[in-house]
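Below is one structure, written out as structure tokens; the observations come after it.
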């Protein structure tokens, strides 16, 4: 019988150490309590778990492969490098792991309308997909800048029957789309289910998204045991915006009583941490509240949220999930950063060496893995979570590379 994990955190107040919690209008507290109760009940229901397993395997295509990247391993000359191929999921990213679970939960709760926010569009496409599958009305909020960068994904969402609302406020990216999605949910909380796309937001969302995404790390344990004769690698690397793909591969290792691998989250350094144009909330942020949760975020001395920047729309978020904030403080995981230029190099490197075009988000993890692999021994194992495929980014990368050649 498939199960969903029981990790020691969050605590009864929805906190990971001091992080997390519920910083929301009073009108949303009953909805969050209803959601938590419904999730805990579903998690113990064999019929819910059976349905989740069915759609994961027969619809999304799980398990995704754990691929030994022989060419990358030779190129970097250090650790044996494996790629966890979440890009091979239906819809092209890890996002489907969570949206299938939350859509099944919405159906179980009798909600006929789902709301979502999206940055790179992968979460929006994934929500539109499961809404079509289960016959749910679907509304997606997306910043105007991301609508420009991810026009193909906007068309995919509309093709799937979703109503896409461009958001013109603020920096016109993911933060502003999330603001609008929350406003919609507050207004229509009785009949609508908010399918949150990352391990952010008020409790219980970080817990729910983590649990649905932890299938990634659980599969790595089984697949690595088959490939290398051991279930735990020496290091795991994943990109971090809000942090859903990273938590999905980290959590099954983070709470091991002993023998935990080195867990490395990679934030977007954008134009450089010293420029102020980045999305590195842990490396260069402060503690505060964003979208209902206490976390590390980008803000000024007065606590006002600062715009995030990344070449990757999916990492372009000024906060990070509370469980990552806890991991960073507790030393459970470490968090590095990669610039736009380094991510673009890694994007091309993986395409040339392995015939895989990664999402720009994933290219950040690949770039950092190159640094780490060279420091490791040839008998050590490094796993990189390839969170999504790069079809959505090809046009934007072409534009950026041509601009670079032209000196613009």
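Residue numbers (the UniProt record's numbering): 1 to 408. In this text, a Cβ means the ideal position worked out from N, Cα and C, and glycines have one as well. These figures come from a predicted structure and were not determined experimentally.
- In the three-state DSSP reduction, residue 115 falls in the strand class (E or B).
- Residue environment analysis places residue 96 among the buried positions, since at least 16 neighbouring C-beta atoms fall within 10 angstroms of its C-beta.
- For residue 337, the beta-bridge partners assigned by DSSP are 267.
- Minimum Cα-Cα distance from residue 23 among the listed residues 290, 115 and 134 corresponds to 290.
- Apart from sequence neighbours up to five positions away, the residues of its chain that approach residue 233 with a beta-carbon distance below 7 Å are 224, 261, 381, 382 and 383, ordered along the chain.
- Residues 171 of the same chain have their beta carbon placed closer than 6 Å to that of residue 307, with the five preceding and five following residues left out of the count.
- Inter-residue distance for residue 63 and residue 361 is about 21 Å (C-alpha atoms, whole angstroms).
- In the displayed model, residue 215 falls within a helix according to three-state DSSP.
- Under the three-state reduction of DSSP, residue 168 is assigned to coil, being neither helix nor strand.
- Look at residue 380 here: in three-state DSSP terms it is coil, with no helix or strand label.
- Under the three-state reduction of DSSP, residue 230 is assigned to coil, being neither helix nor strand.
- Taken in chain order, the complete beta strand (DSSP E) segments of 3 or more residues contained in the stretch 283-350 are 286-290, 293-297 and 334-339.
- Within the same chain, and ignoring the five residues on either side of residue 112 in sequence, the residues whose Cβ sits closer than 7 Å to its Cβ are 136, 137 and 191.
- Residue range 244-254 is occupied by the alpha helix (DSSP H) that includes residue 251.
- In the DSSP assignment, residue 137 forms a beta bridge with 113.
- Only residues of its own chain outside the window of five on either side were considered, and among them 59, 60, 61, 96 and 129 have a CB closer than 8 Å to the CB of residue 90, listed in chain order.
- The C-alpha of residue 176 is placed about 14 Å away from the C-alpha of residue 315.
- Taking all protein chains in view, the Cβ of residue 195 is crowded by 16 or more other Cβ atoms within 10 Å, so the residue is classified as buried.
- Contact between residue 119 and residue 313 holds, since their C-beta atoms are separated by about 5 Å, short of 8 Å.
- Rounded to the nearest whole angstrom, the C-alpha separation of residue 144 and residue 275 is 24 Å.
- Secondary-structure assignment with DSSP links residue 235 through a beta bridge to 262 and 382.
- With fewer than 16 other beta carbons inside 10 angstroms of its own, residue 395 counts as exposed.
- Shown here, residue 387 sits in coil according to DSSP, grouped into three states, outside any helix or strand.
- Residue 14 places its beta carbon 8 Å or farther from that of residue 278.
- For residue 370, the secondary structure class from DSSP, reduced to helix, strand or coil, is helix.
- Of all C-beta pairs linking the stretch 69-78 to the stretch 349-360, three or more are shorter than 8 Å, placing the two stretches in contact.
- Boundaries of the alpha helix (DSSP H) harbouring residue 398: 394-405, taken from the DSSP string.
- Secondary structure note for residue 80: its beta strand (DSSP E) is the uninterrupted segment 80-85.
- A direct Cα-Cα distance of roughly 43 Å separates residue 309 from residue 46.
- Between the stretch 50-57 and the stretch 334-348, the count of Cβ pairs shorter than 8 Å is below three; the stretches do not touch.
- Residue 65 is bridged by DSSP to nothing; it lacks a bridge partner.
- By the criterion of a C-beta distance shorter than 6 Å, residue 123 is surrounded in its chain by 95 and 197, once the five residues flanking it on both sides are discounted.
- Straight through space, the alpha carbons of residue 205 and residue 186 are spaced by roughly 16 Å.
- Here residue 256 is exposed, its C-beta having fewer than 16 other C-beta atoms within 10 Å.
- In this model, residue 329 and residue 201 are separated by some 19 Å (Cα to Cα).
- Taking the Cα of residue 243 as reference, the smallest distance to any Cα among 235, 259 and 263 is reached at 263.
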